[in-house]
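Structure record follows, encoded as structure tokens.
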Amino acid sequence: MASRARVRAPELIGKGGWLNTGNKDLTLSDLRGRIVVLDFWTFCCVNCLHVLDELRELEERHRDTVVIIGVHSPKFVHEAEHQAVVDAVERYGVEHPVLDDPELGTWKQYAVRAWPTLVVIDPEGYVVAQHAGEGHAHAIAKLVEELEAEHAAKGTLRRGDGPYVPPEPVATDLRFPGKAVRLPGGSFLVSDTTRHQLVELAADGEQVLRRIGTGERGFTPDSFNEPQGLALLPDNRVAVADTVNHAIRIFDPGTGALETVAGTGKQWWQGSPTSGPAREIDLSSPWDIAWWQDRLWIAMAGVHQLWTYDPATGTVEVAAGTTNEGLVDGPAAEAWFAQPSGLAAADGRLWVADSETSAVRWVERAEEGDGYVIRTAVGTGLFDFGHRDGAADQALLQHPLGVTALPDGSVAIADTYNHALRRYDPVSNEVTTLATDLREPSAAVLVDDDIVVVESARHRLTRLRLPEEAIRVESVAHRTQRAATEVAPGALRLDVVFQAPAGQKLDTRYGPSTRLLVSATPPELLAEGAGAGTDLARDLVLADGVTEGVLHVSAMAASCDDAPDIEYPACHVHQQDWGVPVEVVEGGVGRLGLVLAGLDAE
Numbered sequence: 012m013a014s015r016a017r018v019r020a021p022e023l024i025g026k027g028g029w030l031n032t033g034n035k036d037l038t039l040s041d042l043r044g045r046i047v048v049l050d051f052w053t054f055c056c057v058n059c060l061h062v063l064d065e066l067r068e069l070e071e072r073h074r075d076t077v078v079i080i081g082v083h084s085p086k087f088v089h090e091a092e093h094q095a096v097v098d099a100v101e102r103y104g105v106e107h108p109v110l111d112d113p114e115l116g117t118w119k120q121y122a123v124r125a126w127p128t129l130v131v132i133d134p135e136g137y138v139v140a141q142h143a144g145e146g147h148a149h150a151i152a153k154l155v156e157e158l159e160a161e162h163a164a165k166g167t168l169r170r171g172d173g174p175y176v177p178p179e180p181v182a183t184d185l186r187f188p189g190k191a192v193r194l195p196g197g198s199f200l201v202s203d204t205t206r207h208q209l210v211e212l213a214a215d216g217e218q219v220l221r222r223i224g225t226g227e228r229g230f231t232p233d234s235f236n237e238p239q240g241l242a243l244l245p246d247n248r249v250a251v252a253d254t255v256n257h258a259i260r261i262f263d264p265g266t267g268a269l270e271t272v273a274g275t276g277k278q279w280w281q282g283s284p285t286s287g288p289a290r291e292i293d294l295s296s297p298w299d300i301a302w303w304q305d306r307l308w309i310a311m312a313g314v315h316q317l318w319t320y321d322p323a324t325g326t327v328e329v330a331a332g333t334t335n336e337g338l339v340d341g342p343a344a345e346a347w348f349a350q351p352s353g354l355a356a357a358d359g360r361l362w363v364a365d366s367e368t369s370a371v372r373w374v375e376r377a378e379e380g381d382g383y384v385i386r387t388a389v390g391t392g393l394f395d396f397g398h399r400d401g402a403a404d405q406a407l408l409q410h411p412l413g414v415t416a417l418p419d420g421s422v423a424i425a426d427t428y429n430h431a432l433r434r435y436d437p438v439s440n441e442v443t444t445l446a447t448d449l450r451e452p453s454a455a456v457l458v459d460d461d462i463v464v465v466e467s468a469r470h471r472l473t474r475l476r477l478p479e480e481a482i483r484v485e486s487v488a489h490r491t492q493r494a495a496t497e498v499a500p501g502a503l504r505l506d507v508v509f510q511a512p513a514g515q516k517l518d519t520r521y522g523p524s525t526r527l528l529v530s531a532t533p534p535e536l537l538a539e540g541a542g543a544g545t546d547l548a549r550d551l552v553l554a555d556g557v558t559e560g561v562l563h564v565s566a567m568a569a570s571c572d573d574a575p576d577i578e579y580p581a582c583h584v585h586q587q588d589w590g591v592p593v594e595v596v597e598g599g600v601g602r603l604g605l606v607l608a609g610l611d612a613e
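Per the working numbering: the sequence shown = residues 12 to 613.
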């Protein structure tokens with residue numbers, strides 16, 4: 012086994028304390044003798060949720076030797092609230108200890124730069140690997156097997172039960188519901204996300220009429236996996252965004268039949284087909300859906316795009332977005348989204364809640380040709396958020412998950428992390444607040460003069476009278492709390508570190524197996540070095556006169572089994588997007604190292 016760098020793991024600290032441990036605080040010394048995987052995550056991040064699912068098999072297979080520790084490291088202000096972390100741990104079925112680190116103490120100790128990041132610590136307490144982004148579960152599984160063999164031989168491996176203690180279950184009719192739709196008879200169909208079911212409620216929004224699905228994770232004719240979005244189709248059937256199954260299902264309320272119409276059950280990766288027969292194309296965390304212009308539009312949160320499903324042809328295709336994460340308007344094929352999570356169809360517009368940019372955007376037909384264009388109503392980018400009413404170009408939201416078209420042409424916004432219902436009026440171009448003191452509202456349904464809000468963290472539907480006037484709210488503005496990296500003016504060396512897992516090599520059979528895309532906010536920050544390429548290292552030049560900004564770096568590498576006797580080697584894609592805040596100062600660093608997989612030797 013190849014020798015590894017020996018770096019002592021820093022202690023685990025977090026002012027929010029520990030979850031899933033039976034009220035016990037853990038230290039690294041408590042975990043000595045076990046292989047520890049630190050998962051730096053935040054619950055707004057769909058890529059982090061993907062990694063939670065990637066780790067489930069590893070967690071089960073190596074339960075007696077591996078301890079996974081979630082280190083919750085917030086981006087948004089709401090995510091620093093302890094109860095919100097408690098809710099998220101239950102909502103997403105996290106079955107390992109979680110350290111609530113609201114001030115990013117452990118994040119800084121481990122020099123983490125991106126969500127998600129995985130750090131592997133050996134049984135003697137040394138860091139042996141770091142991985143950013145998705146697609147690393149196979150590499151960590153291989154490393155775990157090597158560490159098990161090495162430390163069993165040395166006598167430093169300790170087997171046994173881990174420190175995970177499950178919380179007590181809570182009895183409620185709904186548990187973290189995601190979206191809702193009103194059926195023609197007046198009842199509501201709700202995606203009961205954490206319980207992997209659909210629930211039909213009576214017109215009062217309270218009485219349970221029936222449950223659809225086994226209640227266990229699955230991809231069978233009678234099971235779901237964290238379903239979210241719902242859309243009533245012209246034939247009164249309901250389309251379901253079966254989010255963690257990466258699929259679109261159709262539920263018939265009349266017969267109870269459930270049919271899969273799009274997706275394979277596998278997650279889409281870079282290089283996979285983006286159009287074709289719907290049952291043959293992989294999807295990625297479809298979060299919401301809406302029927303608009305004779306097809307089903309899909310908010311594909313996992314890849315920052317909008318897709319469509321055409322039932323007439325049985326096909327899916329990308330409709331908007333490049334897979335790059337950010338806020339860029341313009342022709343649909345060139346636009347950037349950031350985890351679109353809510354859709355609402357109006358006559359000429361499809362409204363989009365673009366959650367990670369705290370934005371509301373819309374899709375409309377281009378004035379010329381057959382294409383679409385993307386425009387932004389509210390929101391500026393990945394790092395600015397808050398609760399501010401007024402002119403739309405100054406207004407702020409905080410991670411909205413839902414939008415609802417209103418009869419007057421305006422749109423109601425489920426402003427999730429502000430616990431509020433907001434409204435954007437395209438005539439006045441202003442944002443107002445309709446209601447507060449909701450708890451993580453994730454969607455809303457219009458019912459006559461009322462609006463029924465899905466209060467996800469209160470596990471209920473809440474009926475409100477649409478107010479004649481907005482309420483006044485004190486304005487609050489925030490920026491993400493990550494510290495900026497101080498970089499020197501002029502030349503900046505960018506190194507994305509990638510070390511193929513043991514027993515694998517870069518896959519160069521069909522050309523370069525790596526990809527690097529670099530951009531900046533503001534674009535003027537970079538005088539040289541923006542754009543796409545295949546080398547994971549690049550020399551950038553920072554422009555004179557721009558003192559701060561964000562470097563956006565997207566990297567991908569494909570590795571395959573390196574054994575001449577394997578006719579069809581297994582291949583894996585590793586990918587991550589970084590948004591690195593930088594401040595240009597004399598004496599700053601001249602090199603920016605970002606670890607995709609391995610350890611940075613410099």
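Note that beta-carbon positions come from the ideal geometry of N, C-alpha and C, so glycine has one too.
When the Cα atoms are used, what is the spatial distance from residue i to residue j?
| i | j | result |
| --- | --- | --- |
| Asn429 | Phe87 | 10 Å |
| Asp133 | Gln218 | 52 Å |
| Arg476 | Tyr435 | 17 Å |
| Glu22 | Phe54 | 23 Å |
| Asp404 | Gly392 | 12 Å |
| Cys59 | Gln350 | 12 Å |
| Trp52 | His83 | 5 Å |
| His89 | Arg169 | 38 Å |
| Val464 | Ala355 | 14 Å |
| Glu539 | Tyr137 | 39 Å |
| Leu562 | Val130 | 23 Å |
| Val155 | Leu110 | 22 Å |
| Pro512 | Asp340 | 38 Å |
| Val192 | Glu159 | 50 Å |
Can you round the beta-carbon distance between residue i and residue j to whole angstroms, since I take them to be within the 8 Å contact cut?
| i | j | result |
| --- | --- | --- |
| Ala566 | Leu547 | 6 Å |
| Tyr175 | Asn31 | 6 Å |
| Gly599 | Glu613 | Actually they are not in contact, since the Cβ atoms of Gly599 and Glu613 sit about 16 Å apart, beyond 8 Å. |
| Ala289 | Val272 | 6 Å |
| Ile80 | Pro113 | Actually they are not in contact, since the Cβ atoms of Ile80 and Pro113 sit about 16 Å apart, beyond 8 Å. |
| Gly25 | Gly173 | About 19 Å; that fails the 8 Å criterion. |
Could you work out which residue in the options is closest to residue i when comparing CA atoms only?
| i | options | result |
| --- | --- | --- |
| Thr285 | Ala331, Arg306, Phe262, Ala268 | Ala331 |
| Ala213 | Asp506, Cys571, Ser453, Arg471 | Arg471 |
| Glu379 | Gln405, Pro342, Asp448, Trp347 | Pro342 |
| Asp293 | Glu485, Ala388, Ala191, Ala258 | Ala258 |
| Ser198 | Asp305, Gly171, Asn247, Gln239 | Asn247 |
| Leu361 | Leu63, Ala301, His89 | Ala301 |
| Glu328 | Ala91, Leu194, Trp308 | Trp308 |
| Thr231 | His207, Leu154, Arg493, Glu106 | His207 |
| Arg306 | Pro245, Ala344, Leu269 | Pro245 |
| Lys119 | Ala495, Gly601, Val561, Arg549 | Ala495 |
| Ser202 | Ile223, Ala416, Ala425 | Ile223 |
| Phe509 | Gly229, Gly44, Ala488, Asp611 | Asp611 |
| Arg504 | Leu42, Gly601, Thr443, Val591 | Gly601 |
Based on DSSP bridge pairs, tell me the residues matched to residue i.
| i | result |
| --- | --- |
| Tyr435 | Val422, Val442 |
| Arg306 | Trp303 |
| Gly413 | Ala425 |
| Ala364 | Gly353, Val371 |
| Phe348 | Glu336 |
| Tyr383 | Arg376 |
| Gln515 | Asp572 |
| Trp118 | BP columns for Trp118 are empty, so no partner. |
| His583 | Ser570 |
| Asp461 | Val458, Arg476 |
| Ala273 | Ile259 |
| Ile151 | Paired residue(s): none; Ile151 is not in a bridge. |
Quick check on the burial criterion: 16 or more other C-beta atoms within 10 angstroms. Buried or exposed for residue i?
| i | result |
| --- | --- |
| Ser524 | buried |
| Glu237 | buried |
| Ser296 | buried |
| Ala346 | buried |
| Tyr141 | Per the sequence shown, the amino acid found at residue 141 is Gln instead of Tyr. When all chains shown are included, Gln141 counts as buried. |
| Gln587 | buried |
| Leu220 | exposed |
| Gln94 | exposed |
| Thr183 | exposed |
| Asn256 | buried |
| Gln409 | buried |
Taking CB distances under 9 Å as the criterion, tell me whether residue i reaches chain D.
| i | result |
| --- | --- |
| Asn256 | Absent here is chain D; the protein component of the structure consists of one chain. |
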